[in-house]
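Engineer:
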Amino acid sequence: METPTPTSFATMVDEQAAEFRVQTAAYRGPTVFEAEMDRIFYKSWVYLCHESEVEKPGDFKSTQIGTRPVIVARDRDGQIHASLNACPHRGATVCREEKGNTRAFVCPYHGWSFRPSGALIGIPDEARYAEGFCKTDKNLKAVPRVASYGGLVFGSFNAEVVDLETWLGGVKKHIDIWLKRASGSRYRVATSHKYGYDGNWKFQTENIYDGYHPGFVHGSAFRTVKKFEGSFVNRELNTAVRQQGFTRGYPEGHGTLEAGAPLESGGIDAQVLADYEGQLRERYGEEGAAEVLTNRQFLVFPNLAIFDFNIRVIQPVSHDRTEVISYPVLIEDAHEQINSNHMLDAQTRVGTAGILSADDIDVFAGGQNALKAGGFDWITLSRGLAKEEIKDDGERVGVYSDETPQRAFWRRWKAMMGAAA
């Protein structure tokens, strides 16, 4: 088989006036996957954690950028650092815990120790090294760029990447709206839950803002939920999405799905909900509050999904295996019912036993099996093409079922995969 080149990667996305196609080869095989790690994940700003997860000096979290293991930690001066989770001595995994607090990371293999900043502290039996042995390059390898926006911490192995706010581009305004839902308070993320599926990571990114599928894939779930009074799902949401919802795609690869309906609020007392909405109106005005209260979900390229009160990280494992980590988002100082509703929504909708994620996972796995078997070369993402509104800054707006955000993702994918390494 001929080795793919940047040019051949770029030809996997074909945009014509009436059709937008993606080669099925883009979803299968380790060669494309490895190139995605090198050309996208190690060149992009990638979400690491929420600031509330590393709030105090010594707090740390283990995560990944692409397939590279990373430790995120706050030092005693309050600075957040990110380091490759590999000992410079012999490459062993230094931190084997998911999260915690520590004064030092100690490699379990030979006991080399490091500060939360990644700086080397000590080497056991150091006298056995030659007098000229260099220790200055034996720190944990730093992730060159770390920055945060609105409590969301990102890192990049690309020292030359544009600043974070430039990278966020058009999706920044949606993050700002999302932050306003805290009504002047702060967000905290709750304990995560994870699920995996046997399929390509891009199946989940495409699904985040897909307004076309819910009535078909999740139809049985919606019919079941409607039988329960005060359920966690707003009964009118699916109808509102079809009648009023719309999609957006941005040149940076980000995309959104907005429902045109209020936040889901099943299980919250009417007075508690009225008080919360009243606070938003007082702070942001009638029009601003309506915008804040609109149900929306969006993807920050390449793999961060933000829902109303849920953060989801799409973690590639291999070309045909993906792990998704979901974090319920709570509001400090909010009424107990508000936060308990957020937790219940996360558990019943996208939790391990949730009624929606299982439907999607089944579709993803089936899609991977079909692509692996071969027999056809292209899929089409053409819904709404040439019918969407294109604004001066490159933002594209379509109706709820248009594949506008998916095309934005693939245009960015094509640009990065087709660039020189």
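Quick note on UniProt numbering: the sequence shown kicks off at 1 and runs consecutively.
Beta carbons are placed, not taken as given, at the ideal position from N, Cα and C, and that holds for glycine.
Note that the structure is a prediction, hence the values are computed from the model and not measured.
1) Run through the DSSP bridge pairs and tell me what HIS193 is partnered with.
2) Return helix, strand or coil for GLY418, following the three-state DSSP convention.
3) Using C-beta distances below 7 Å, list every residue in its chain close to PHE157, excluding the 5 sequence neighbours before and after it, in chain order.
4) For the 8 Å Cβ check, are there 3 or more pairs between the segment 97-109 and the segment 127-137?
5) Indicate whether the contact test is met: 3 or more Cβ pairs, each with one atom in the segment 316-326 and one in the segment 20-36, closer than 8 Å.
6) Label ARG412 either buried or exposed according to how many other C-beta atoms from any shown protein chain fall within 10 Å of its C-beta, with 16 as the threshold for buried.
7) By the three-class DSSP mapping on this structure, what secondary structure does PHE309 have?
8) Does the beta-carbon distance from PHE409 to PHE301 come in below 8 Å?
9) Output yes or no for whether 8 Å exceeds the beta carbon distance between ASP308 and THR24.
10) Are PRO328 and ASN310 close, meaning C-beta to C-beta below 8 Å?
11) Please determine, among ASP210, GLY278, HIS50 and THR67, the residue with the shortest C-alpha to C-alpha distance to ARG248.
12) Please state whether DSSP places HIS89 in a helix, a strand or coil.
13) If LEU299 and PRO405 are in contact, beta carbons under 8 Å, what's the gap, nearest whole angstrom?
14) How about TYR197 and PHE364: are their beta carbons less than 8 Å apart?
15) Look at ILE121 and ARG115 and say whether their C-beta atoms are less than 8 Å apart.
16) With burial defined as no fewer than 16 other Cβ atoms inside 10 Å of the residue's Cβ, what is the status of SER357: buried or exposed?
17) The alpha helix (DSSP H) spanning LEU273 covers which residue range?
18) Restricting to Cα atoms, I'd like to know which of HIS335, GLU395 and ASN207 is closest to PRO251.
19) Applying the criterion that 16 or more other CB atoms from any shown protein chain within 10 Å of the CB defines a buried residue, is ILE390 buried or exposed?
20) For LYS172, I'd like the list of residues in its chain whose CB is within less than 8 Å of its CB, leaving aside the five on either flank, ordered along the chain.
21) Would you kindly work out how many angstroms separate the C-alpha atoms of THR348 and ASP125, rounded to a whole number?
22) Using a Cβ cut-off of 8 Å (strictly closer), state whether GLN64 contacts chain C.
23) How would you label GLY253, buried or exposed, when you count the other beta carbons within 10 angstroms and need 16 or more for buried?
24) Mind checking ARG188: buried by the 16 CB within 10 Å criterion, or exposed?
Structural biologist: Based on what the coordinates show:
1) Per DSSP, SER326.
2) Secondary structure at GLY418: coil, using DSSP grouped into helix, strand and coil.
3) TYR42, ILE65, VAL143 and PRO144
4) The answer is no - the segment 127-137 does not touch the segment 97-109, with fewer than three Cβ pairs under 8 Å.
5) yes
6) buried
7) coil
8) For PHE409 and PHE301, yes; Cβs fall inside 8 Å.
9) When the beta-carbon positions are compared, ASP308 and THR24 stay at least 8 Å from each other.
10) yes
11) ASP210
12) Here HIS89 sits in coil by DSSP.
13) The Cβ separation is near 7 Å, so the contact holds.
14) yes
15) Taking 8 Å as the Cβ cut-off, ILE121 and ARG115 qualify as a contacting pair.
16) buried
17) Note, LEU273: alpha helix (DSSP H), 270-293.
18) GLU395
19) exposed
20) The beta carbon of LYS172 lies closer than 8 Å to those of TYR149 and GLU165 in the same chain, with the five residues before and after it left out.
21) 53 Å
22) In summary, chain C is missing from the structure at hand, where a single protein chain is found.
23) buried
24) Here ARG188 is buried: its Cβ has 16 or more other Cβ atoms, across all protein chains shown, within 10 Å.
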